[in-house]
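Colleague: Residue numbers for the sequence shown follow my numbering, so the first one is 479 and each next one is one higher. Where a beta carbon is used, it is the ideal one built from N, C-alpha and C, also for glycine.
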Amino acid sequence: VFSHISNLGILSPMQMNSSMQFLDASFCFNLPTSFVNDAYLYSLKEYYDVDFVMAAHWMISLDCLKKVGFFSSVFPHYGEDNNLVDRFRYWGYRVGISTKTKVVHDREYREMPVEKKIYMLYINALIASCNINSSLKEAFLKAFKFILKLSFLSIKTLSISWLLYVLKYFVALPNILSARVLFKKIQ
């Protein structure tokens, strides 16, 4: 697929659950409408562009990685794949899935505990702040919304973890600003 799709940066196989009977639940969230329509009509194409795909089984050319850079150290766990997709898009690369290959993403969907929801809002603030496709003002306004959401969720659930994540976010700001500059220059 890499050879005949222009500007392809990231390619993912179909990510299946451990039984190989169903698509991974989180993988499904990012499938385009055209994929769903084609699947319903039994006419899947070999390749589909997607807005995002989890990094569990990416195929990336070395040339692309050299131009765009690797995972950012701003992200502790989660969000690093969102950030890399944003940077691939910034440099004009496409992100897609191949229907000709399947892999197992061995995890099952679970209800997310409140503390993890709060953590993921912090991660979303980092993702928004580091997105070089947005102006600095837009990026920080989006991040601020996530910080507010995590604060309200923490207060609503009587958790004090919001303070920890707000502090971590402000401590990360110098690294976020450096990363935004660095990833616009890598080539």
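Measure from the alpha carbon of L641 to the alpha carbon of each residue in H583, K627 and H555, then state which is nearest.
Modeller: The residue you call residue 641 lines up with position 163 of the sequence shown. Closest by alpha carbon: K627.
Colleague: With DSSP run on the structure shown, which of helix, strand or coil describes S521?
Modeller: Position 43 of the sequence shown, counting from 1, holds the residue named residue 521. It is coil, neither helix nor strand.
Colleague: Kindly confirm or deny that the stretch 566-585 and the stretch 541-549 touch, where touching means at least three C-beta pairs closer than 8 Å.
Modeller: Output reads yes: the stretch 541-549 touches the stretch 566-585.
Colleague: Using a Cβ-Cβ cutoff of less than 8 Å, which residues in the same chain neighbour T579 once the five nearest sequence positions on both sides are dropped?
Modeller: As a first step, residue 579 is located in the sequence shown; it is residue number 101 there, counting from the start. Excluding sequence neighbours, T579 sits near P491 and M492.
Colleague: Take E524 and list the residues in its own chain whose beta-carbon comes closer than 8 Å to its own, dropping the five residues that flank it on each side.
Modeller: Numbered from its first residue, the sequence shown carries residue 524 at position 46. Hits under 8 Å: V479, S576, T577 and K578.
Colleague: Within the continuous alpha helix (DSSP H) that includes M598, where are the two ends?
Modeller: Numbered from 1 along the sequence shown, position 120 holds the residue referred to as residue 598. Unbroken alpha helix (DSSP H) run through M598: V592 to C608.
Colleague: According to DSSP, is P491 helix, strand or coil?
Modeller: Mapped onto the sequence shown, residue 491 falls at position 13. Strand.
Colleague: Is the CB-CB distance between W536 and I601 below 8 Å?
Modeller: The residue labelled residue 536 in the question sits at position 58 within the sequence shown. The residue labelled residue 601 in the question sits at position 123 within the sequence shown. No, the pair does not count as a contact, with Cβ atoms beyond the cut-off.
Colleague: Can you tell me whether Y587 is buried or exposed, with buried defined as 16 or more other CB within 10 angstroms of its CB?
Modeller: Your numbering for residue 587 matches position 109 in the sequence shown. With fewer than 16 Cβ atoms within 10 Å of its Cβ, Y587 is classed as exposed.
Colleague: How is S637 classed by DSSP in three states: helix, strand or coil?
Modeller: As a first step, residue 637 must be located in the sequence shown, where it is residue number 159. S637: coil per DSSP, three-state reduction.
Colleague: Please look up how many angstroms separate the CB atoms of F530 and V581, rounded, as I've assumed it's under 8 Å.
Modeller: Here residue 530 corresponds to residue number 52 of the sequence shown, with the count starting at 1. Here residue 581 corresponds to residue number 103 of the sequence shown, with the count starting at 1. Not really, about 17 Å apart at Cβ, beyond 8 Å.
Colleague: Note down, in chain order, each residue of its chain lying with its Cβ closer than 7 Å to the Cβ of S639, except the 5 sequence neighbours on either side.
Modeller: Stepping through the sequence shown from its first residue, residue 639 is reached at position 161. For S639, where only same-chain residues beyond five positions count, the Cβ hits under 7 Å are E593, I596 and S632.
Colleague: How many angstroms separate the CA atom of S512 from the CA atom of D527?
Modeller: Residue numbering aside, residue 512 sits at position 34 when the sequence shown is read from its first letter. Residue numbering aside, residue 527 sits at position 49 when the sequence shown is read from its first letter. Roughly 10 Å separates the two Cα atoms.
Colleague: Classify N485 as buried or exposed, calling it buried when 16 or more other Cβ atoms lie within 10 Å of its own Cβ.
Modeller: Your numbering for residue 485 matches position 7 in the sequence shown. It is exposed - the Cβ of N485 has fewer than 16 other Cβ atoms within 10 Å.
Colleague: Check the DSSP bridge columns for T573 and list the partner residues they point to.
Modeller: In the sequence shown, counting from the first residue as 1, residue 573 sits at position 95. Here residue 573 turns out to be Val, not Thr, going by the sequence shown. BP columns for V573 point to I488.
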